[in-house]
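Undergrad: Just so you know, the sequences run in chain order X and S.
So the mapping is simple: our numbering equals the position in the first sequence, first residue as 1, plus 55.
So the mapping is simple: our numbering equals the position in the second sequence, first residue as 1, plus 6.
From the three backbone atoms N, C-alpha and C, an ideal C-beta is built for every residue, glycine too.
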Amino acid sequence: MADSELKNVKTENAVWRIIKRIFDIQEVNTILPVLVLIIIAIIFNPMFLNPGNLVVIGQRMSMWGLIAIGEGLIILTGNFDISVGAMVAFDCVFFAVAAAKWHLPMAVAILLAILLPVTLSTISGLIVVKLKINSFLATIAMLFICRGMSKMMTNARPVPIAPAQGSELFLKFGQATPLKLSWTFFIFIALIIISQVVLKKTAYGRKLYATGDNNNVARLAGISPDNVKLSTFIISGFLVGLASILLIGKEAVANANFGTGWELQAIAAVAIGGISLIGGAGSMIGVLIGVIMMQIMANILILLQINLNMQSVVLGVIMILATILDLKRRNRILGKID
Amino acid sequence: MASEKNNTQIQSKGGLIVSKIFAVQEVGILIPLVVLVLFFYFFNHGFLSAPNIFSILKVMAFYGIVGVGETLVILGGDIDISVGSVAGFGAVFSTFLMMKFNCFGLLNTPYEWIGVIGFMIITIAVCSLVGFLNAFLIVDMKMPAFIVTIATLWAVRGAVMVVTNGNPIYPLPKFFMDTIGTNAQIPIVKVGTEVLGISLPFIIFILLIVIFEILLRRSKFGRNIYATGSNREVAKLAGINTRKVRYINFIILSMLAGLSGMLVAAFTRQGYPPIGDGWEMMIIAGCAIGGIALAGGYGSLIGTLIGVFIMNIVNTGLVMVGINTFLQQTVQGIIILIAVYADIVRRNRKVLS
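Here is the structure:
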């Protein structure tokens, strides 16, 4: 009798401990607001649970979510890249022009469309790392450059990709709906998982955290912070290229105002997902949650027929709240510094 | 013989003065300014025509007024990129109130100006709250200035768009459009039927430059800003209330941004919600070109004046030379990069010497 009671208490304690441990995991804290958001959405508009709506959320988020992965890596090392949205536009335009106007073979056009943002991003990275220019200023310059180039190449008119050879196969892939979703969605999820594993299980991942946490300590530990930072820019450039190609595949035209505001969405998603905007902490699962949350929020604003501009107000407030929470969390871990 | 010696002395004295003049940093920035003006003049002689010169002076004043505040913030070691949104907010908020309350019911009466001025003051007060919020989050909550001001940039712009639905606010009170806007100028020349002159924003801009330049060089207020910007810890140890200095900087900047937005609204005769879009980069680039160290603590308002001037000359000049309008953004981006890099080179040279 007494024995079984003791056992009961023990299991209760164990259960409680497990629950506590679950809540200690940072990502769980970020899931809670998502659940709250979903419940609010269902209460106000049951249409939210409509499979069609969920599919739309999945498709929409995966496109700019790819950008958010790269942005997350850059922010993890303590930098920013706000040119990603403009780079998507430039790359889409470049791709469409290369394929449809210069009549390059599809494979070559795709290769160039990957190389272009990688090059641009590498330049931003080099400017930040070698010239020690603040990443915000360097990438806003890149933003201007890319937007200007994409507008110039299109004369602000949409460029269809259709006349290019091999475009049918390409569009078939881009507009395919496996499991009613899109290939982009699966690529996004796969990349999230891969980058999470890389961050948590490899030496490279630990280098990223170390560099973001304390540049000088990382250097003393034998890490080259410059190379690590540059590598995040290169990866981000690759992801921009990938997103641009997939975006063209879906839309079939390139437009100079593609990607407007993606950088802000990506940064906000990264911040919501718990990657510290000061660098050095966070995970890719967090980014995934942040991306989902942002897309659900946008969806709710549409379902509730709230002014779309409200989104940027909400974004700003969320970013400040996320940073305050992050600072609080850090102070709790490190003890109060000031 | 003696006179010859005297001569060489005078000559070397002259040489000394010349080299001294060139050692002043602001003169160094004047050179690209002159080169740019000559360059644009070479391609389009209309560049130095009276209407163009006066229009450049008018437009640069809108940026310049905000630039004065931004210079203070940067000198104090911070940065604020929410200024464009605050300018848009000032433009829309003031015009919205004026039309909503009919200028205290004085609309279209001779006392209209009381309502206009009243609401302008109220708007500046409300704008100062944005600066206060920025300062609170950055100074007291110890959040990075970039993140805080990006967030307020979106939040304020979003609020403006939500309230107006993106539609401009018009018509506006006559006093606001005419007396503060188009008619407020010191006439200089008459071209055809049009009288050209120095506009009110430019007068305000120059007054602000003079006042704050004197304050920066000659007063405790100015020295405290430089001290705070060059080394905050040392300034604190020296007994300077750095918290107060930074608060005041942010508040002044937001007030000036609101003022500038209202002036744009007065000149364009409507409260247009996108007013101020992208200003932050023009202004920060102007400061950087003008030799304000982006890390804080070094630079002067004369530099800002020249920097803002250069940015505007490039903007107008590219149009007049006939470069593709879409390419201008690209050129602006490259100029920002060059300016910031020049800032870094300059700082390194200063440290080395």
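I'd like to know whether the C-beta atoms of L159 of chain S and S88 of chain S end up nearer to each other than 7 Å.
TA: It is a contact, given that the beta carbons lie within the stated cut-off.
Undergrad: Straight-line CA distance for A377 of chain X to L113 of chain S?
TA: Rounded to whole angstroms, A377 of chain X to L113 of chain S spans 45 Å at the Cα level.
Undergrad: Give a yes or no on contact between the stretch 290-308 of chain X and the stretch 221-239 of chain X, applying the rule of three or more CB pairs nearer than 8 Å.
TA: Segments in contact, yes.
Undergrad: If you draw a straight line from the C-alpha of F125 of chain S to the C-alpha of I278 of chain X, how long is it?
TA: Looking at the two C-alpha atoms, the distance is approximately 58 Å.
Undergrad: Nearest-angstrom Cα distance between R163 of chain S and G277 of chain S?
TA: C-alpha separation (whole angstroms): 14 Å.
Undergrad: How long is the line joining the alpha carbons of N50 of chain S and Q338 of chain S, rounded to whole angstroms?
TA: If I take the Cα positions, the gap works out to 20 Å.
Undergrad: What residue does the alpha helix (DSSP H) around G309 of chain S start on, and which one ends it?
TA: G309 of chain S -> alpha helix (DSSP H) spans 307-327.
Undergrad: Starting from K242 of chain S, follow the alpha helix (DSSP H) in both directions and report where the run begins and ends.
TA: Looking at the DSSP string, the run of the alpha helix (DSSP H) that includes K242 of chain S is 238-243.
Undergrad: Counting C-beta neighbours from all protein chains within 10 Å, is the total for S225 of chain S 16 or more, i.e. buried, or is it exposed?
TA: With fewer than 16 Cβ atoms within 10 Å of its Cβ, S225 of chain S is classed as exposed.
Undergrad: Could you check if V163 of chain X is buried or exposed, using at least 16 other CB atoms within 10 Å of its CB as the buried criterion?
TA: By the neighbour-count rule (16 or more Cβ atoms within 10 Å), V163 of chain X is not buried but exposed.
Undergrad: Using beta carbons (cut-off 7 Å, strictly below), is K391 of chain X in contact with chain S?
TA: The pLDDT assigned to K391 of chain X is 48, lower than 50, so where the model puts this residue is not dependable; a value taken from the coordinates is nonetheless given after this. Taking Cβ atoms only, chain S never reaches closer than 7 Å to K391 of chain X, which makes this a no.
Undergrad: Is it a yes or a no for the stretch 303-323 of chain X touching the stretch 146-155 of chain X, going by three-plus beta-carbon pairs under 8 Å?
TA: Taking 8 Å as the limit for Cβ pairs, the verdict is that the stretch 146-155 of chain X does touch the stretch 303-323 of chain X.
Undergrad: Tell me whether the beta-carbon of A345 of chain S lies closer than 7 Å to the beta-carbon of A263 of chain S.
TA: In this structure, A263 of chain S does not lie closer than 7 Å to A345 of chain S by Cβ.
Undergrad: Under 7 Å between C-beta atoms, does M186 of chain X make it to chain S?
TA: Here the sequence assigns Leu to residue 186 of chain X, which means Met is not the residue at that position. Taking Cβ atoms only, chain S reaches closer than 7 Å to L186 of chain X, which makes this a yes.
Undergrad: Between which two residues does the alpha helix (DSSP H) harbouring I413 of chain X extend?
TA: Here chain X has residues from 56 to 393 only, and residue 413 of chain X is not among them.
Undergrad: Using a Cβ cut-off of 7 Å (strictly closer), state whether S367 of chain X contacts chain S.
TA: It does: the Cβ of S367 of chain X has a partner Cβ on chain S nearer than 7 Å.
Undergrad: Is any beta-carbon of chain S found at less than 7 Å from that of F199 of chain X?
TA: Yes, contact with chain S.
Undergrad: Let me know if E126 of chain X comes out buried or exposed under the rule of 16 or more other beta-carbons within 10 Å of its beta-carbon.
TA: Its Cβ being crowded by 16 or more others within 10 Å, E126 of chain X is buried.
Undergrad: In the DSSP assignment, the beta strand (DSSP E) including Q191 of chain S goes from what residue to what residue?
TA: Counting along the chain, the beta strand (DSSP E) containing Q191 of chain S begins and ends at 191-197.
Undergrad: Could you pull out every residue in the same chain whose Cβ sits closer than 6 Å to the Cβ of I247 of chain X, ignoring the five residues on either side in sequence?
TA: Cβ neighbours of I247 of chain X beyond the five flanking positions: M339, L343.
Undergrad: Decide if R72 of chain X is buried, meaning its Cβ has at least 16 other Cβ atoms within 10 Å, or exposed.
TA: The residue is exposed, with fewer than 16 neighbouring Cβ atoms inside 10 Å.
Undergrad: Any Cβ of chain X within less than 7 Å of the Cβ of F152 of chain S?
TA: True, the Cβ-Cβ gap to chain X drops below 7 Å.
Undergrad: Hey, could you find the ends of the alpha helix (DSSP H) V145 of chain S is sitting in?
TA: From DSSP, V145 of chain S is part of no alpha helix (DSSP H); its letter is neither H nor E.
Undergrad: Identify whether I281 of chain S lies in helix, strand or coil by the three-state DSSP scheme.
TA: Reduced to three states, the DSSP call for I281 of chain S is coil.
Undergrad: If the cut-off is 9 Å on Cβ atoms, which residues from the stretch 43-66 of chain S count as contacting chain X, listed in chain order?
TA: Against chain X - using a Cβ distance shorter than 9 Å - the stretch 43-66 of chain S contributes no residues.
Undergrad: Which residue comes first and which comes last in the alpha helix (DSSP H) that contains V201 of chain S?
TA: V201 of chain S -> not in any alpha helix (DSSP H); beta strand (DSSP E) instead, spanning 200-205.
Undergrad: Where I217 of chain S and V136 of chain S are concerned, what is the direct C-alpha to C-alpha distance, given to the nearest angstrom?
TA: Near 24 Å, if we compare the C-alpha coordinates of V136 of chain S and I217 of chain S.
Undergrad: Give, in chain order, every unbroken run of the alpha helix (DSSP H) that is at least 4 residues long and sits entirely within the stretch 279-318 of chain X.
TA: Segments of the alpha helix (DSSP H) lying fully in the stretch 279-318 of chain X: 280-306.
Undergrad: Would you call P160 of chain X buried or exposed, if buried means 16 or more other Cβ atoms sit within 10 Å of its Cβ?
TA: By the 10 Å Cβ count, P160 of chain X comes out exposed.
Undergrad: Suppose only complete runs of 3+ residues qualify. What are the beta strand (DSSP E) ranges in the stretch 33-68 of chain S, listed by chain order?
TA: Complete beta strand (DSSP E) runs here, min 3: none at all.
Undergrad: Mapping the DSSP letters down to three states, classify P215 of chain X as helix, strand or coil.
TA: DSSP places P215 of chain X in strand when its eight states are reduced to three.
Undergrad: Per DSSP, which residues does I175 of chain S bridge with? Please list them.
TA: Paired residues: S:G277.
Undergrad: Please list the residues of the stretch 328-340 of chain S that have a C-beta atom closer than 9 Å to any C-beta atom in chain X, keeping them in chain order.
TA: Within the stretch 328-340 of chain S, the residues whose Cβ lies closer than 9 Å to some Cβ of chain X are N330, T331, F332, L333, Q334, Q335, T336, V337, Q338, G339, I340, listed in chain order.
Undergrad: Out of curiosity, what's the CA-to-CA distance linking G250 of chain X and G303 of chain S?
TA: Here residue 250 of chain X turns out to be Ser, not Gly, going by the sequence shown. Cα-Cα distance, rounded: 41 Å.
Undergrad: Of all Cβ atoms in chain X, is any one closer than 7 Å to the Cβ of L343 of chain S?
TA: Yes, its Cβ sits closer than 7 Å to a Cβ of chain X.
Undergrad: R115 of chain X by DSSP, collapsed to three states: which one?
TA: Correct three-state label for R115 of chain X: helix.
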